[in-house]
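Numbering (full-length UniProt numbering), first residue to last: 1 to 227. All C-beta atoms in this analysis are idealised placements derived from N, C-alpha and C, irrespective of residue type, glycine included. Reading through the structure tokens given below for one structure.
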Amino acid sequence: MLKEIGQKIFRERIINDEFLDVVHENMRHMNELMTYYRCAIMEIETKFNVLNEEFSLQYDRNPIEHIKTRLKSPESIAKKIKKKEIEFSIEAVQEHIKDIAGVRVICSFPEDIYMLAECLLNQDDIKLIEKKDYIKNPKKSGYRSLHLIIEVPIFLQSGKKSISVEVQLRTIAMDFWASLEHKLRYKKNIDTDETEIIERELLVCSEISADLDKRMEEIRNRIENRL
1 MLKEIGQKIF RERIINDEFL DVVHENMRHM NELMTYYRCA IMEIETKFNV LNEEFSLQYD
61 RNPIEHIKTR LKSPESIAKK IKKKEIEFSI EAVQEHIKDI AGVRVICSFP EDIYMLAECL
121 LNQDDIKLIE KKDYIKNPKK SGYRSLHLII EVPIFLQSGK KSISVEVQLR TIAMDFWASL
181 EHKLRYKKNI DTDETEIIER ELLVCSEISA DLDKRMEEIR NRIENRL
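Okay, structure coming up:
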């Protein structure tokens, strides 16, 4: 068992080293690429902030609680390359890996998720590449979120470029569950029987959080209908 683990670590290290060699050989190109992704993140974050301000003006409430952004590290990109079994090159990264740039939007209620997604996708400079609705169709683990892979243009001195960004929209309850589930699931030294119990409990907690979202939304609607 230890030998197999050691071999796996060794293989992953070789793969990471191969990709990092490519990164170092093409450092200027890689830095440019990462800058493009950072600019795309800023574009999407700005779009959501504008929608939040407009909604606040019209309806006297903010649908967005907060926004998180992230940019994958070279090591994380290397693991993705291994998983997708694509070549080690900057060009392959740009063509095949669509979630290097990520924006996570935490909403107050489930209805806000779909409203914001629709408003974003209705903008004429946004192109939808892929949509996965894990709210209507949760993962077996209990994970819930709306995932969008989109392309957004960024405007540079050299011209316009279309850059892919992964957008995740979820409620506070969904984000709370996903964050803790990720931390708990990857704890080490847990035996198989205990893991199965934990997975069942996490699934129950996911269903409870979904019910909480539904109830809170019903309360909000009841209050607004009385005004």
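State buried or exposed for residue i, treating a residue as buried only when at least 16 other CB atoms are found within 10 Å of its CB.
i: glutamate 87; result: exposed
i: glutamate 194; result: exposed
i: isoleucine 9; result: In this predicted model, isoleucine 9 has a pLDDT of only 41, less than 50, meaning its place in the structure is not dependable enough to derive any value.
i: residue 270; result: An answer regarding residue 270 cannot be provided, because it is not within the stretch 1 to 227 covered by the chain.
i: leucine 184; result: exposed
i: glutamate 181; result: buried
i: isoleucine 126; result: buried
i: isoleucine 206; result: The question names isoleucine, but residue 206 in the sequence shown is serine. Classification for serine 206: buried.
i: isoleucine 64; result: buried
i: leucine 120; result: buried
i: isoleucine 223; result: exposed
So residue i is in the alpha helix (DSSP H); what residue range does that whole segment cover?
i: lysine 132; result: Per DSSP, lysine 132 belongs to no alpha helix (DSSP H); it is in the beta strand (DSSP E), 127 to 133.
i: phenylalanine 48; result: 27 to 59
i: lysine 83; result: 74 to 84
i: glutamate 87; result: First-last for glutamate 87: undefined, no H or E at that position.
i: aspartate 211; result: 192 to 226
For the beta strand (DSSP E) containing residue i, list its first residue and its last residue.
i: glutamine 168; result: 159 to 171
i: lysine 68; result: 64 to 71
Give me the DSSP bridge partner(s) of residue i.
i: proline 153; result: Ser162
i: isoleucine 106; result: His66 and Arg170
i: leucine 148; result: Lys131 and Val167
i: alanine 101; result: Leu71
Can you check whether the CB of residue j is closer than 8 Å to the CB of residue i?
i: phenylalanine 48; j: leucine 116; result: yes
i: arginine 200; j: arginine 170; result: no
i: isoleucine 41; j: valine 105; result: no
i: isoleucine 100; j: leucine 71; result: yes
i: methionine 174; j: serine 209; result: yes
i: isoleucine 90; j: leucine 51; result: no
Q) Do the segment 101 to 111 and the segment 206 to 222 touch if we need at least three Cβ pairs shorter than 8 Å? A) yes
Does the segment 74 to 84 come into contact with the segment 134 to 152, if we say contact requires no fewer than three beta-carbon pairs (one atom in each stretch) closer than 8 Å? no
Cβ pair count under 8 Å reaching 3, the segment 164 to 176 against the segment 36 to 48
In short, these stretches touch, since the Cβ pair count reaches three.
Pairing CB atoms from the segment 87 to 97 with CB atoms from the segment 135 to 147, are three or more of them under 8 Å? With the cut-off at 8 Å, the segment 87 to 97 and the segment 135 to 147 do not touch.
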